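Using the UniProt record's numbering, the first residue of the sequence shown is number 1, and each one after it goes up by one.
Notes follow once the structure below has been shown.
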Amino acid sequence: MTLLDPYFGQFGGMYVPQILMPALNELEQNFVDSQKDKIFKETFKNLLKNYAGRPTPLSLCCNLTKGTKTRIYLKREDLLHGGAHKTNQVLGQAMLALKMHKQEVIAETGAGQHGVATAIACALFNLKCRIYMGFKDIERQSVNVLRMKLMGAQVISVKNGSGTLKDACNEALRDWSDSYKTSHYMIGTAAGPHPYPIIVREFQKIIGEESKKQILEYERVLPNAIIACVGGGSNAIGIFSEFIKDKQVDLIGVEPGGCGIETGRHGAPLSYGRTGIYFGMKSYLMQNQEGQIKESWSISAGLDFPSVGPEHAWLKSINRAQYVSVTDQEAVNAFQILCKKEGIIPALESSHALAYALKLMNLFPNKKQVFIVNLSGRGDKDILTVNNILKDQEKHCESL
Numbered sequence: 001m002t003l004l005d006p007y008f009g010q011f012g013g014m015y016v017p018q019i020l021m022p023a024l025n026e027l028e029q030n031f032v033d034s035q036k037d038k039i040f041k042e043t044f045k046n047l048l049k050n051y052a053g054r055p056t057p058l059s060l061c062c063n064l065t066k067g068t069k070t071r072i073y074l075k076r077e078d079l080l081h082g083g084a085h086k087t088n089q090v091l092g093q094a095m096l097a098l099k100m101h102k103q104e105v106i107a108e109t110g111a112g113q114h115g116v117a118t119a120i121a122c123a124l125f126n127l128k129c130r131i132y133m134g135f136k137d138i139e140r141q142s143v144n145v146l147r148m149k150l151m152g153a154q155v156i157s158v159k160n161g162s163g164t165l166k167d168a169c170n171e172a173l174r175d176w177s178d179s180y181k182t183s184h185y186m187i188g189t190a191a192g193p194h195p196y197p198i199i200v201r202e203f204q205k206i207i208g209e210e211s212k213k214q215i216l217e218y219e220r221v222l223p224n225a226i227i228a229c230v231g232g233g234s235n236a237i238g239i240f241s242e243f244i245k246d247k248q249v250d251l252i253g254v255e256p257g258g259c260g261i262e263t264g265r266h267g268a269p270l271s272y273g274r275t276g277i278y279f280g281m282k283s284y285l286m287q288n289q290e291g292q293i294k295e296s297w298s299i300s301a302g303l304d305f306p307s308v309g310p311e312h313a314w315l316k317s318i319n320r321a322q323y324v325s326v327t328d329q330e331a332v333n334a335f336q337i338l339c340k341k342e343g344i345i346p347a348l349e350s351s352h353a354l355a356y357a358l359k360l361m362n363l364f365p366n367k368k369q370v371f372i373v374n375l376s377g378r379g380d381k382d383i384l385t386v387n388n389i390l391k392d393q394e395k396h397c398e399s400l
């Protein structure tokens with residue numbers, strides 16, 4: 001019997017080996033207790049303000065929207081300590097680890113942002129830290145790997161499977177099955193077995209709470225739409241959560257369309273997947289005809305995941321949120337536009353959300369509309385990836 005409802009409609013649950021049930025039950029009990037603990041909540045609030053740097057700004061893009069009646073605001077999670085929204089929830093999970101008397105933390109990472117955030121929290125709280133990362137992601141996110149190591153984390157290269165986030169998640173779960181009595185598995189997104197989707201959402205909902213307060217101060221009305229990229233879905237559920245009851249606000253999640261949906265090389269399970277069981281939960285999955293999990297694809301390592309958090313699956317099922325996709329090329333274009341027009345280098349993950357906001361703006365240039373795009377992380381880690389793409393494009397043009 002769980003203390004909290006483990007399901008979002010038909011999605012969610014605890015589909016794990018029996019050996020992990022005591023660890024999940026212990027985590028749930030301590031999370032429930034922490035939410036009634038004034039000292040825990042005050043300490044977390046203080047860390048967000050005085051260590052992580054909250055509240056983050058809500059920045060109006062004046063140059064980007066010139067000549068239209070659209071107003072686009074960016075929720076600047078890129079300015080949070082660590083460079084992404086990930087820092088919010090790892091501070092909370094690290095406090096839970098201490099509350100459970102764990103001295104070690106296990107994590108997985110794709111783009112490296114969760115790995116960096118985990119390394120930050122573990123250094124702060126003097127916790128041992130080992131982080132699983134696919135070998136392909138280690139190559140394309142080498143700067144973040146160096147940051148993790150500098151802060152004392154052990155980065156373990158995962159060489160089986162596709163060498164991406166999916167395989168890193170599997171290896172982290174295997175490790176936890178053997179070591180849960182002394183370690184805490186710090187999942188990086190609002191996915192996985194109960195109670196992780198709830199825990200991550202609760203620690204990330206500060207993004208939505210701040211956004212609502214700020215937009216009402218600036219515009220005096222709620223926005224027409226909240227737009228956020230969706231891989232596992234933590235930044236999106238963090239900013240969506242405060243607006244779910246405001247039916248006049250469209251909630252738009254943007255999945256990676258990769259090389260194009262028609263090519264099959266994408267990472268859009270909500271738009272083009274089917275319901276199944278993976279990573280300890282029931283949600284939408286990318287599957288082949290036999291039900292085997294298909295490899296996902298995205299230029300953005302942080303979105304390269306074949307499933308999605310169960311609350312997003314539920315929001316889609318009740319038509320409260322819509323999920324769309326944009327391609328790698330569209331994301332790169334948005335990345336370049338924001339750099340040149342506003343002097344902000346966005347993460348490639350966030351560039352997907354921005355690309356869709358620009359689509360809506362250009363579709364209705366004379367329509368008065370207000371969007372908030374969650375800029376979930378900064379793009380320093382992605383500049384070499386983008387540079388390589390631009391060089392390839394130049395060579396292709398020269399050969400014509």
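We treat Cβ as the ideally placed atom computed from N, Cα and C, and that holds for glycine.
Note that this is a predicted model, so its numbers are computed, not measured.
Ala236 sits close to Ala228, with the two beta carbons spaced by under 8 Å. Between Leu127 and Val105, the CB-CB gap stays under 8 Å.
Judged by DSSP secondary structure, Ile199 falls outside any beta strand (DSSP E) and instead within the alpha helix (DSSP H) spanning Tyr196 to Gln204. Listed in chain order, the non-local C-beta contacts of Ala123 below 6 Å within the same chain comprise Met151 and Gly152, local neighbours out to five positions each way being set aside.
Residues Lys102, Glu104, Val105, Ile106 and Trp176 of the same chain have their beta carbon placed closer than 7 Å to that of Ser183, with the five preceding and five following residues left out of the count.
The straight-line gap separating the alpha-carbon atoms of Pro365 and Gly110 is approximately 36 Å. Distance from the CA atom of Ile156 to the CA atom of His81, rounded to whole angstroms, is 24 Å. Cβ contact annotation for Met100 (same chain, cutoff 8 Å, sequence separation greater than five): Glu26, Leu27, Asn30 and His184, in chain order. In terms of Cα proximity to Ala313, the closest of Ile344, Phe371 and Gly192 is Gly192. The shortest C-alpha to C-alpha distance from Val332 to any of Ala268, Cys259, Thr263 and Lys149 is the one to Cys259. When DSSP reads this structure, Leu74 sits in a beta bridge with Ser59 and Val373. Val90 is positioned such that its CB atom lies no closer than 8 Å to that of Thr56. At a Cβ-Cβ threshold of 8 Å, Leu285 and Pro310 do not count as neighbours. Under DSSP, Lys38 forms no beta bridge with any residue. Looking from the CA of Leu4, the closest CA among Asp33, Tyr73, Val16 and Asp37 belongs to Asp33. As the crow flies, the alpha-carbon of Ser271 is around 30 Å from that of Asn144. Scanning the segment 312-383 from its first residue to its last, the whole alpha helix (DSSP H) runs of 4-plus residues come out as 328-342 and 348-363. Within the segment 110-175, the complete alpha helix (DSSP H) segments at least 4 residues long are 113-125, 135-140 and 142-150, listed from N- to C-terminus. Of the candidates Gly53, Leu390, Gly134 and Gly273, Leu390 places its Cα closest to the Cα of Phe335. Counting of Cβ neighbours within 10 angstroms places Tyr132 among the buried residues, the total reaching 16 or more. For Val221, the number of other beta carbons within 10 angstroms of its own is below 16, and it is reported as exposed.
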